[in-house]
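Report on the structure given below.
Number of protein chains: 2
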Amino acid sequence: MRRLYHHGLSPAARKVRVALAEKRLDYEAVIEETWIRNESFLAMNPEGEVPVLVEADGLTITDGWAICEYLEEVYPEPSLLGGPAAMRAEVRRLVAWFDRKFNREVTEPLVREKLLKRVISGGAPDSRQIRAGRANVHTHLRYISWLIDRRRWLAGDMLTYADITAACHLSLIDYAGDVPWEDHPQAKEWYALVKSRPSFRPLLTETISPIRPPRHYADLDF
Amino acid sequence: MRRLYHHGLSPAARKVRVALAEKRLDYEAVIEETWIRNESFLAMNPEGEVPVLVEADGLTITDGWAICEYLEEVYPEPSLLGGPAAMRAEVRRLVAWFDRKFNREVTEPLVREKLLKRVISGGAPDSRQIRAGRANVHTHLRYISWLIDRRRWLAGDMLTYADITAACHLSLIDYAGDVPWEDHPQAKEWYALVKSRPSFRPLLTETISPIRPPRHYADLDF
Chain A
1 MRRLYHHGLS PAARKVRVAL AEKRLDYEAV IEETWIRNES FLAMNPEGEV PVLVEADGLT
61 ITDGWAICEY LEEVYPEPSL LGGPAAMRAE VRRLVAWFDR KFNREVTEPL VREKLLKRVI
121 SGGAPDSRQI RAGRANVHTH LRYISWLIDR RRWLAGDMLT YADITAACHL SLIDYAGDVP
181 WEDHPQAKEW YALVKSRPSF RPLLTETISP IRPPRHYADL DF
Chain B
1 MRRLYHHGLS PAARKVRVAL AEKRLDYEAV IEETWIRNES FLAMNPEGEV PVLVEADGLT
61 ITDGWAICEY LEEVYPEPSL LGGPAAMRAE VRRLVAWFDR KFNREVTEPL VREKLLKRVI
121 SGGAPDSRQI RAGRANVHTH LRYISWLIDR RRWLAGDMLT YADITAACHL SLIDYAGDVP
181 WEDHPQAKEW YALVKSRPSF RPLLTETISP IRPPRHYADL DF
């Protein structure tokens, strides 16, 4: 059976789980805590990161975005990249925006300082990093609102990897209690739509031990 | 006519230039120095990064990797992603390796401290960062040698985006004079093959004012 190595703190692994569910592909989930050095996992992926997907025939795909493109090529229905090349380019641009810019400015500081350090008992959080992440998230929520003013979903009129990528990053920030939803009602409305997808539910009902998410984290009506 | 916004210090822009040349697509090159705030460029790409590709019909594609995937979809010959899905996944994995891991560990510290700071007169280089970049490059050259021991090119038996991505990052480190080629003869042999492609030549004959590259930078026999 197909296997996915993942952990709850990886936005890329979250994205692949949602993609597998949208494409109705079954898999066995294996939790790999990449902060603990595991030689057999490193042999499979020398970068030492999740997600890693192992197909039933043994084919091993590493790197979150490479897995997403692979799933789209091999299991094209339903499409998560959209139709013509121009739309696909827009989806990939937004995926890169969230995986690089949002990740650097928001996800990395907040997830490291507020979640990872507690999971690994890694010392006191750096309050400067937390403040920076909290300030930066506004720009991105404004950008989401700007896009949603013009389109039904982030990249056009259908749900794509752009929405899934953005929502997976935001779900982690929301787990940390740091998304100022009330200031960005349009972004909130879009996120409520993503949250209500059955593919997204499993992410919302899991806890990242020993941290409890805020009450609204799993609520569809938040 | 097709236009490409780029500058010499961007590994992603270098990659797109090589890809356009491999696919024999003409373009007008526009140098955009992204460290100078240019409102009309920011309107085109709010991330403020090169490369940006504008097709003759006005279609604008931003993000280096989104451009590469777009070129492969619209101008598939010659392919730079390879054949079956498993090989394409391997190409994308290696592209992500160099664009994320190599970039963070080697390109960013060395390009910023040794090249960018001189270009923008941005103060004294941080020697700790330079030492870190110089130490890290060995791991990656060993990884290239390991791959080339098993394959003709990095991802398989043909030149792909994996080779182009790796070589574009290395070309910048080589410009700074910081690739220890003599310690890694197999990686050097592979780089000599990339260097000899006509698509790569223009990168090697340009200078990034006011910095002169070391003598061997453009030599095919280095």
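Residue numbers (UniProt numbering), protein chains in the order written: chain A, 1 to 222; chain B, 1 to 222.
C-beta: ideal position from N, C-alpha, C; glycine also.
Computed from a predicted model, the values in this text were never measured in an experiment.
Assigned secondary structure, LEU80 of chain A (DSSP; H/G/I helix, E/B strand, else coil): Locating residue 80 of chain A in the first sequence gives position 80, counting from the first residue. In the structure shown, LEU80 of chain A falls within a coil segment according to DSSP collapsed to helix, strand and coil.
Identity of the residue in A:SER121, A:TYR75, A:ASN38 and A:MET87 nearest VAL74 of chain B by Cα: Numbered from its first residue, the second sequence carries residue 74 of chain B at position 74. The option with the nearest alpha carbon to VAL74 of chain B is A:MET87.
Could you tell me the distance, in whole angstroms, from the CA atom of MET1 of chain A to the CA atom of LEU71 of chain A? One-based indexing of the first sequence puts residue 1 of chain A at position 1. One-based indexing of the first sequence puts residue 71 of chain A at position 71. Answer to the nearest angstrom: the Cα atoms are 16 Å apart.
If the cut is a Cβ gap below 7 Å, which residues of chain A does THR62 of chain B touch? What you label residue 62 of chain B is simply residue 62 of the second sequence in a count that begins at 1. Contact annotation for THR62 of chain B against chain A: ARG93 [CB-CB distance below 7 Å, chain order].
Who does THR60 of chain B pair with in a DSSP beta bridge? Residue mapping note: residue 60 of chain B aligns to position 60 of the second sequence, counting from 1. BP columns for THR60 of chain B point to B:VAL54.
For the segment 58-86 of chain A, list every residue whose C-beta sits within 7 Å of some C-beta in chain B, in sequence order. Closer than 7 Å at the C-beta level to chain B, one finds these residues of the segment 58-86 of chain A: LEU59, ILE61, THR62, ASP63, TRP65, ALA66, GLU69, TYR70, GLU73, VAL74, ALA85 and ALA86.
8 Å Cβ cutoff, GLU47 of chain A in contact with chain B: As a first step, residue 47 of chain A is located in the first sequence; it is residue number 47 there, counting from the start. Using a Cβ-Cβ cut-off of 8 Å, GLU47 of chain A counts as an interface residue toward chain B, since at least one Cβ of chain B sits closer than that to its own.
Decide if the segment 9-28 of chain B is in contact with the segment 97-112 of chain B; the criterion is three or more beta carbon pairs, one per stretch, under 8 Å apart. Output reads yes: the segment 97-112 of chain B touches the segment 9-28 of chain B.
Any chain A beta carbon closer than 8 Å to LYS114 of chain B: Here residue 114 of chain B is taken as the residue at index 114 of the second sequence, counted from 1. LYS114 of chain B does not count as touching chain A.
If we ignore side chains and look at the alpha-carbon of each, how far apart do LEU220 of chain B and SER199 of chain A end up? If you number the second sequence from 1, residue 220 of chain B lands on position 220. If you number the first sequence from 1, residue 199 of chain A lands on position 199. Computed Cα separation, rounded: 52 Å.
Compute the Euclidean distance between the alpha carbons of VAL194 of chain B and ALA132 of chain B, then round it to the nearest angstrom. Translated into positions along the second sequence, residue 194 of chain B becomes position 194. Translated into positions along the second sequence, residue 132 of chain B becomes position 132. Looking at the two C-alpha atoms, the distance is approximately 26 Å.
Quick one: measure Cβ to Cβ for LEU4 of chain A and LEU20 of chain A, integer angstroms, because I've assumed they're closer than 8 Å. One-based indexing of the first sequence puts residue 4 of chain A at position 4. One-based indexing of the first sequence puts residue 20 of chain A at position 20. Indeed, because the Cβ distance is near 7 Å, the residues count as touching under 8 Å.
Using the beta-carbon of each residue, which ones in chain A are nearer than 8 Å to ARG88 of chain B? The sequence position of residue 88 of chain B within the second sequence is 88, counting from 1. Simply GLU69, TYR70 and GLU73.
Going by alpha carbons, who is nearest to THR160 of chain A out of A:ILE31, A:ARG100 and A:ARG93? Residue numbering aside, residue 160 of chain A sits at position 160 when the first sequence is read from its first letter. Measuring from the Cα of THR160 of chain A, the nearest candidate turns out to be A:ARG93.
For HIS184 of chain A, is the classification buried or exposed, using 16 other Cβ atoms within 10 angstroms of its Cβ as the cut-off for buried? Here residue 184 of chain A corresponds to residue number 184 of the first sequence, with the count starting at 1. Residue environment: HIS184 of chain A is assigned as buried (16 or more neighbouring CB atoms within 10 Å of its CB, all protein chains considered).
Determine the direct distance from the alpha carbon of LYS188 of chain B to that of ARG24 of chain A, and round the result to whole angstroms. Walking along the first sequence from the start, residue 24 of chain A turns up at place 24. Walking along the second sequence from the start, residue 188 of chain B turns up at place 188. Whole-angstrom Cα-Cα distance: 45 Å.
For the beta strand (DSSP E) that contains GLU39 of chain B, what are its first and last residues? For the purposes of this step, residue 39 of chain B is taken as the residue at position 39 of the second sequence. Following the DSSP letters along the chain, one finds GLU39 of chain B in no beta strand (DSSP E) but inside the alpha helix (DSSP H) bounded by residues 39-44.
Compile a chain-ordered list of the residues in the segment 95-124 of chain A whose CB is closer than 7 Å to at least one CB of chain B. Along the segment 95-124 of chain A, the positions whose C-beta sits under 7 Å from a C-beta of chain B are ALA96, TRP97 and LYS101, read in chain order.
Per the DSSP calculation, ARG3 of chain B is bridged to which residue(s)? Translated into positions along the second sequence, residue 3 of chain B becomes position 3. ARG3 of chain B is bridged to B:GLU28 and B:VAL54.
Stretch-stretch touch, CB-based, cutoff 8 Å, three pairs: the segment 170-183 of chain B with the segment 200-219 of chain B: Enough Cβ pairs lie closer than 8 Å, so yes.
Quick one: what's ILE173 of chain A bridged to in DSSP? Position 173 of the first sequence, counted from the start, is the residue given in the question as residue 173 of chain A. Looking at the DSSP assignment, ILE173 of chain A forms no beta bridge with any residue, so it has no partner.
Three-state class that DSSP yields for ILE164 of chain A in the structure shown: As a first step, residue 164 of chain A is located in the first sequence; it is residue number 164 there, counting from the start. When DSSP states are grouped into helix, strand and coil, ILE164 of chain A belongs to the helix group.
Should CYS168 of chain A and VAL50 of chain A be called a contact, given that it needs their Cβ atoms to be closer than 8 Å? Working through the first sequence from its first residue, we reach residue 168 of chain A at position 168. Working through the first sequence from its first residue, we reach residue 50 of chain A at position 50. Not in contact: CYS168 of chain A and VAL50 of chain A (Cβ atoms no closer than 8 Å).
For ILE67 of chain A, write down the residues that DSSP places opposite it in a beta bridge. Translated into the one-based positions of the first sequence, residue 67 of chain A becomes position 67. Per DSSP, none; premise fails for ILE67 of chain A.
Start-end ranges of the alpha helix (DSSP H) lying completely within the UniProt domain "GST C-terminal" (84-217) of chain A, minimum 4 residues: With a minimum length of 4 residues, the continuous alpha helix (DSSP H) runs that stay inside the UniProt domain "GST C-terminal" (84-217) of chain A are 85-96, 127-150, 161-175, 185-195 and 201-205.
Nearest by alpha-carbon distance to LEU170 of chain A: which of A:GLU39, A:VAL111, A:SER40 and A:ILE31 is it? Working through the first sequence from its first residue, we reach residue 170 of chain A at position 170. Closest by alpha carbon: A:VAL111.
Terminal residues of the continuous alpha helix (DSSP H) containing GLU22 of chain A? In the first sequence, counting from the first residue as 1, residue 22 of chain A sits at position 22. Run containing GLU22 of chain A: 11-22, per the alpha helix (DSSP H) assignment.
Own chain, CB closer than 7 Å to LEU81 of chain B, minus 5 neighbours either side, in chain order: On the second sequence, residue 81 of chain B is found 81 positions in, with the first residue counted as 1. Only GLU72, ARG88, VAL91, THR160 and TYR161 meet the Cβ criterion.
Might you give, ordered along the chain, the residues of its own chain that have their beta carbon closer than 6 Å to the beta carbon of ILE61 of chain A, omitting 5 neighbours on each side? Position 61 of the first sequence, counted from the first residue, corresponds to residue 61 of chain A. For ILE61 of chain A, where only same-chain residues beyond five positions count, the Cβ hits under 6 Å are LEU53, ILE67 and TYR70.
Status (buried if at least 16 other CB within 10 Å, exposed otherwise) for ILE31 of chain B: The residue labelled residue 31 of chain B in the question sits at position 31 within the second sequence. Label assigned to ILE31 of chain B: exposed.
Going by C-alpha distance, which of A:TYR191, A:GLY83 and A:ILE36 is nearest ARG201 of chain A? By one-based count along the first sequence, residue 201 of chain A stands at place 201. That would be A:TYR191, whose Cα lies nearest to the Cα of ARG201 of chain A.
In this structure, does DSSP put GLU72 of chain B in helix, strand or coil? By 1-based counting over the second sequence, the position of residue 72 of chain B is 72. Three-state result, GLU72 of chain B: helix.
Rounded Cβ spacing between TRP65 of chain B and ILE120 of chain B (contact assumed at less than 8 Å): In the second sequence, the residue the question calls residue 65 of chain B occupies position 65. In the second sequence, the residue the question calls residue 120 of chain B occupies position 120. In fact, because the Cβ distance is near 26 Å, the residues do not count as touching under 8 Å.
Does HIS7 of chain A pass the burial test, meaning 16 or more other C-beta atoms within 10 Å, or should it be called exposed? Stepping through the first sequence from its first residue, residue 7 of chain A is reached at position 7. The residue in question, HIS7 of chain A, is buried, as its Cβ has 16 or more Cβ neighbours within 10 Å.
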